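Asks: The structure is given below, and queries will be raised subsequently.
Residue numbers (this note's numbering), protein chains in the order written: chain A, 101 to 321; chain B, 1063 to 1332.
Here it is, written out as structure tokens:
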């Protein structure tokens, strides 16, 4: 019993010494004191060179989104999708997105009774695109006295394909959104996209712009 | 650390002494947060914090990784800061007092590593992306009237030579097609900001004629590609790529097809 109390006492004493010593060391910063005791009890912090590669970089972003996609003549439906982005500079990023939705019967199909323009499978819509984005109006929002969050707006423009009615349509997209960072690696995304393509489903060539509003969540890694 | 290690080596038979030691070491660790951090982080990450000291009157600390975010703090000369991570041209730091913010990557120039050396934060130049690099890119083009989207993944073996895989989707009024191809790319002057390249490759093209047209079959043909183009270095790892490709489609019909395509896109090197 005695021995462990002694040991505890000694440990505490040594701890105290370490504390005093390291603070003393911090004060006279860099003076080479060759005290043997110090050599024993100073934790050996490796003083190393710093290279950029040692630092973890977080330039990629992966996200999911949910929203509403309005397809001209074919109704407004839920859309879900994923995004993958690479941030080139603080201003520019490239983003790849994939989304899936369903469409409804056109008014003509409903009114005419039995006419079906598309089969069920053909009513499924999916799209992908690659866009270039630009971030602007960086700032902070203040939720309360203590909570502040970073946010910024962005615009994107790009191109891709829409798979709809058993055909691929070359699609251009424009969009804008608001990013709200809960932490620096988790962002909420509230945005709008317009997807434009030309189809000939009704006999004549028709260019349509499908508006999409969405709410997303993305992780930076 | 040393004390801890030394006391570890001593043999004890009694449980009470063990508890005593644990208690003491808890005290020891609690009393020295830096040591505690080092001790515990060793279990999870084999890395010690990257620390530098400020070697300039002050460095601005921003609330986020962008010049539009407010400067809410400054770190002063000789203050030691811990580098946490980077995003684009920004570095997230933590001060001794626990204040977390972002500094410009360029401001690393005004810091010193704890051993007194300059931290190595080289400006990424075009030359850094010439050897042993993966590249990924996307391009938009005009494929004989159809809109084409091409994606490519490549690997640059030497300064002049790289291999790449290409996937393209062409959507036109009369037919859609997909191309999967591989190719070799040769760059005679890789150091130039606008560096021209030559490429040859081959693959297959699948053509799906539009269903609204008269009965035509889907078909798969082989194709050969010859391209001439140029990389233009924009910034860091980001390159613009402009390309003119001649596709020679070897069909099963009497005549072979030839399609010329203009493409413009961007490539990122890793």
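We treat Cβ as the ideally placed atom computed from N, Cα and C, and that holds for glycine.
The model shown is predicted, which means the values in this text are computed figures rather than measured ones.
Return the residue from the list A:249, A:264, A:290 and A:314 that minimises the CA-CA distance to residue 283 (chain A).
Replies: As a first step, residue 283 (chain A) must be located in the first chain, where it is residue number 183. Nearest of A:249, A:264, A:290 and A:314 to residue 283 (chain A), Cα basis: A:249.
Asks: Could you check whether the region 159-172 of chain A touches the region 266-282 of chain A, counting it as contact only if at least three pairs of C-beta atoms, one from each stretch, sit closer than 8 Å?
Replies: No, they do not touch.
Asks: Ordered along the chain, which non-local residues of its own chain (more than five positions away) have a Cβ less than 8 Å from that of residue 1225 (chain B)?
Replies: Taking the first residue of the second chain as position 1, residue 1225 (chain B) is located at position 163. Answer for residue 1225 (chain B): 1216, 1217, 1219, 1244, 1245, 1246 and 1247, listed in chain order.
Asks: Going by beta carbon distance, what residues of the same chain come within less than 6 Å of residue 1214 (chain B), once the five residues before and after it are set aside?
Replies: Residue 1214 (chain B) sits at position 152 when you count from the first residue of the second chain. Only residues of its own chain outside the window of five on either side were considered, and among them 1199, 1226 and 1228 have a CB closer than 6 Å to the CB of residue 1214 (chain B), listed in chain order.
Asks: Please report the straight-line C-alpha distance between residue 1233 (chain B) and residue 227 (chain A), rounded to a whole angstrom.
Replies: In the second chain, the residue the question calls residue 1233 (chain B) occupies position 171. In the first chain, the residue the question calls residue 227 (chain A) occupies position 127. Approximately 13 Å between the Cα atoms of the pair.
Asks: According to the neighbour-count rule (16 or more other Cβ atoms, all chains shown, within 10 Å of its Cβ), is residue 1191 (chain B) buried or exposed?
Replies: As a first step, residue 1191 (chain B) is located in the second chain; it is residue number 129 there, counting from the start. Buried: at least 16 other Cβ atoms inside 10 Å.
Asks: List the residues that DSSP assigns as beta-bridge partners of residue 1223 (chain B).
Replies: The residue labelled residue 1223 (chain B) in the question sits at position 161 within the second chain. Looking at the DSSP assignment, residue 1223 (chain B) forms a beta bridge with B:1248.
Asks: At a Cβ cut of 8 Å, what residues of the region 236-252 of chain A count as close to chain B, listed as they run along the chain?
Replies: 236, 237, 238, 239, 240, 248, 250 and 252
Asks: Counting along the chain, where does the beta strand (DSSP E) carrying residue 231 (chain A) start and finish?
Replies: Taking the first residue of the first chain as position 1, residue 231 (chain A) is located at position 131. Per DSSP, residue 231 (chain A) belongs to the beta strand (DSSP E) from 224-242.
Asks: Since residue 1173 (chain B) contacts residue 1184 (chain B) with CB under 8 Å, what's their CB separation in whole angstroms?
Replies: Taking the second chain and counting its residues from 1, the one referred to as residue 1173 (chain B) is at position 111. Taking the second chain and counting its residues from 1, the one referred to as residue 1184 (chain B) is at position 122. That belief does not hold up - the Cβ atoms of residue 1173 (chain B) and residue 1184 (chain B) are roughly 15 Å apart, past 8 Å.
Asks: Using a beta-carbon distance below 9 Å, is residue 270 (chain A) in contact with chain B?
Replies: The residue you call residue 270 (chain A) lines up with position 170 of the first chain. Interface residue, yes.
Asks: Determine the contact status of residue 1285 (chain B) and residue 1262 (chain B), defining contact as a CB-CB distance below 9 Å.
Replies: Position 223 of the second chain holds residue 1285 (chain B). Position 200 of the second chain holds residue 1262 (chain B). The answer is no: Cβ separation not under 9 Å.
Asks: Name, please, each residue of chain A whose Cβ falls closer than 7 Å to the Cβ of residue 1114 (chain B).
Replies: Numbered from its first residue, the second chain carries residue 1114 (chain B) at position 52. By Cβ distance, chain A contributes 150.
Asks: Quick one: measure Cβ to Cβ for residue 292 (chain A) and residue 318 (chain A), integer angstroms, because I've assumed they're closer than 8 Å.
Replies: Reading the first chain from its first residue, position 192 is the one you call residue 292 (chain A). Reading the first chain from its first residue, position 218 is the one you call residue 318 (chain A). Between residue 318 (chain A) and residue 292 (chain A) the Cβ distance is about 16 Å, and since that is not below 8 Å, they are no contact.
Asks: For residue 161 (chain A), count the other beta carbons within 10 Å of its own beta carbon; 16 or more makes it buried, fewer makes it exposed. Which is it?
Replies: On the first chain, position 61 is the one that residue 161 (chain A) refers to. For residue 161 (chain A), the number of other beta carbons within 10 angstroms of its own is at least 16, and it is reported as buried.
Asks: Identify, in the order they occur along the chain, each residue of the same chain with its Cβ nearer than 7 Å to the Cβ of residue 1221 (chain B), setting aside the five sequence neighbours on each side.
Replies: As a first step, residue 1221 (chain B) must be located in the second chain, where it is residue number 159. Excluding residues within five positions, the ones whose Cβ falls inside 7 Å are 1192, 1193 and 1252.
Asks: How would you label residue 1257 (chain B), buried or exposed, when you count the other beta carbons within 10 angstroms and need 16 or more for buried?
Replies: Working through the second chain from its first residue, we reach residue 1257 (chain B) at position 195. When all chains shown are included, residue 1257 (chain B) counts as buried.
Asks: Measuring alpha carbon to alpha carbon, tell me which residue in B:1250, B:1267, B:1259 and B:1254 is nearest residue 1295 (chain B).
Replies: Your numbering for residue 1295 (chain B) matches position 233 in the second chain. Closest option to residue 1295 (chain B), Cα to Cα, is B:1254.
Asks: What are the start and end residues of the alpha helix (DSSP H) that includes residue 1192 (chain B)?
Replies: In the second chain, residue 1192 (chain B) corresponds to position 130, counting from 1. Where residue 1192 (chain B) is concerned, there is no enclosing alpha helix (DSSP H), given that its DSSP letter is neither H nor E.
Asks: From the beta carbon of residue 1146 (chain B), is the nearest beta carbon of chain A less than 9 Å away?
Replies: Translated into positions along the second chain, residue 1146 (chain B) becomes position 84. Closer than 9 Å: yes.
Asks: Please report the distance separating the alpha-carbon of residue 1143 (chain B) from that of residue 255 (chain A).
Replies: If you number the second chain from 1, residue 1143 (chain B) lands on position 81. If you number the first chain from 1, residue 255 (chain A) lands on position 155. Going by the C-alpha atoms only, they are around 35 Å apart.
Asks: Looking only at DSSP bridge pairs, what is residue 297 (chain A) linked to?
Replies: Stepping through the first chain from its first residue, residue 297 (chain A) is reached at position 197. Beta-bridge pairing links residue 297 (chain A) to A:308.
Asks: In or out: residue 1241 (chain B) buried (at least 16 other Cβ within 10 Å) or exposed?
Replies: In the second chain, residue 1241 (chain B) corresponds to position 179, counting from 1. The residue in question, residue 1241 (chain B), is buried, as its Cβ has 16 or more Cβ neighbours within 10 Å.
Asks: Quick one: what's residue 1033 (chain B) bridged to in DSSP?
Replies: Here chain B has residues from 1063 to 1332 only, and residue 1033 (chain B) is not among them.
Asks: Quick check: what's the CA-CA separation for residue 1111 (chain B) versus residue 154 (chain A)?
Replies: Working through the second chain from its first residue, we reach residue 1111 (chain B) at position 49. Working through the first chain from its first residue, we reach residue 154 (chain A) at position 54. Approximately 10 Å between the Cα atoms of the pair.
Asks: Where residue 1118 (chain B) and residue 1139 (chain B) are concerned, what is the direct C-alpha to C-alpha distance, given to the nearest angstrom?
Replies: The residue labelled residue 1118 (chain B) in the question sits at position 56 within the second chain. The residue labelled residue 1139 (chain B) in the question sits at position 77 within the second chain. Those two C-alpha atoms are separated by around 5 Å.
Asks: Are the C-beta of residue 1298 (chain B) and some C-beta of chain E separated by less than 9 Å?
Replies: Reference to chain E is not applicable here, since the protein chains of this structure are A and B.
Asks: Looking at the structure shown, is residue 1101 (chain B) part of a helix, part of a strand, or coil, going by DSSP?
Replies: Counted from its first residue, the second chain places residue 1101 (chain B) at position 39. Residue placement at residue 1101 (chain B) is flagged as unreliable, the pLDDT there being 48, under the threshold of 50; the coordinate-derived value follows with that caveat. Residue state, collapsed to three classes: helix.
Asks: Going by alpha carbons, who is nearest to residue 1310 (chain B) out of B:1211, B:1264 and B:1155?
Replies: The sequence position of residue 1310 (chain B) within the second chain is 248, counting from 1. Looking at B:1211, B:1264 and B:1155, the one whose alpha-carbon comes closest to that of residue 1310 (chain B) is B:1264.
Asks: Quick one: what's got a C-beta closer than 6 Å to residue 1203 (chain B)'s C-beta in the same chain, skipping five residues either side?
Replies: Position 141 of the second chain, counted from the first residue, corresponds to residue 1203 (chain B). If we look at residue 1203 (chain B) and ignore the five residues flanking it on each side, its Cβ neighbours are 1210, 1323, 1324 and 1325.
Asks: Quick check on DSSP: helix, strand or coil for residue 1090 (chain B)?
Replies: Taking the first residue of the second chain as 1, we reach residue 1090 (chain B) at position 28. Its pLDDT being 46, under 50, residue 1090 (chain B) is placed unreliably in this model, and the coordinates cannot settle the point.
Asks: Taking the C-alpha atoms as reference points, what is the distance between residue 1328 (chain B) and residue 234 (chain A)?
Replies: For the purposes of this step, residue 1328 (chain B) is identified with residue 266 of the second chain, where counting begins at 1. For the purposes of this step, residue 234 (chain A) is identified with residue 134 of the first chain, where counting begins at 1. In a straight line, the C-alpha of residue 1328 (chain B) is about 15 Å away from that of residue 234 (chain A).
Asks: Are the beta-carbon atoms of residue 73 (chain A) and residue 209 (chain A) separated by less than 9 Å?
Replies: Outside the modelled stretch of chain A, which goes from 101 to 321, sits residue 73 (chain A), for which no answer is possible.
Asks: Just how far apart, CA to CA, sit residue 322 (chain A) and residue 298 (chain A)?
Replies: Past the boundaries of the shown model lies residue 322 (chain A); chain A is included only from 101 to 321, so the question cannot be answered.
Asks: Taking 9 Å as the cut-off, decide whether the C-beta atoms of residue 1331 (chain B) and residue 1149 (chain B) are in contact.
Replies: Sequence index remark: in the second chain, residue 1331 (chain B) carries index 269 (1-based). Sequence index remark: in the second chain, residue 1149 (chain B) carries index 87 (1-based). Going by C-beta atoms, residue 1331 (chain B) is not nearer than 9 Å to residue 1149 (chain B).
Asks: Please confirm whether residue 1153 (chain B) has its beta-carbon closer than 9 Å to some beta-carbon of chain A.
Replies: Residue numbering aside, residue 1153 (chain B) sits at position 91 when the second chain is read from its first letter. By this cut-off, residue 1153 (chain B) is an interface position.
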